[in-house]
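Trainee: Using the working numbering, you'd call the opening residue of the sequence shown number 868 and step up by one each time. Cβ coordinates follow ideal geometry from the N, Cα and C atoms, glycine included. This one's a predicted model, so the numbers in the text were calculated from it and none came from an experiment.
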Amino acid sequence: MAKEESFAIDPRVSFVISDILREAAQRGTGRAIKKLDRDDFAGKTGTTNDSESTWFTGFNNKILTTVWFGYDQPRSLGQKEYGSTTALPIWLDYMEDIISTVEYSPPKIPANLIAKKINLSNGLEANPEDQNTRFEYFFD
């Protein structure tokens, strides 16, 4: 009898969250990740109150790496220090050194998810003539 596969969280939830983080890495505060010229990576920057710590976590289906930037005894890094200006550049330096060893691993869409084209101006399902759109995933 074959062993049944089990997951810590629903694969659909994992996919949707990863898709959101891929978008953050392509268009949000982590957009410098585009320098890697790979669309299979997702990521998120972070900054604490008063910029005492910053971080960036980037991943695909094969690797996950986090860079944290701060002091042992909390104090501000400076007014204009954020995850995108401190931790992300360090993460990129590291990834540029190893990227050739990281297998390209595009996300696999799990069963029971559907993609719908959404109008970004109003958040509703797009009409054929709508211009400002993108696909988002929903549970079937």
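Report yes if the CB atom of Ser-988 is closer than 8 Å to the CB atom of Asn-979, and no otherwise.
Mentor: no
Trainee: Leaving out the 5 sequence neighbours to the left and right, which residues in its chain are closer than 8 Å to Ser-943 when beta-carbon positions are compared?
Mentor: Asp-917, Ser-918 and Glu-919
Trainee: Which term fits Gly-910, buried or exposed, when burial requires 16 or more other beta carbons within 10 angstroms of its beta carbon?
Mentor: buried
Trainee: Between which two residues does the beta strand (DSSP E) carrying Tyr-1004 extend?
Mentor: Run containing Tyr-1004: 1000-1006, per the beta strand (DSSP E) assignment.
Trainee: Does the Cβ-Cβ distance between Phe-933 and Thr-924 come in under 8 Å?
Mentor: The residue asked about is misnamed: residue 933 is Thr in this sequence, not Phe. Judged by their CB atoms, Thr-933 and Thr-924 are nearer to each other than the 8 Å cut-off.
Trainee: For Asn-927, count the other beta carbons within 10 Å of its own beta carbon; 16 or more makes it buried, fewer makes it exposed. Which is it?
Mentor: buried
Trainee: Who does Leu-955 pair with in a DSSP beta bridge?
Mentor: Looking at the DSSP assignment, Leu-955 forms no beta bridge with any residue, so it has no partner.
Trainee: To the nearest angstrom, how far is the alpha carbon of Ser-885 from that of Phe-1002?
Mentor: 14 Å
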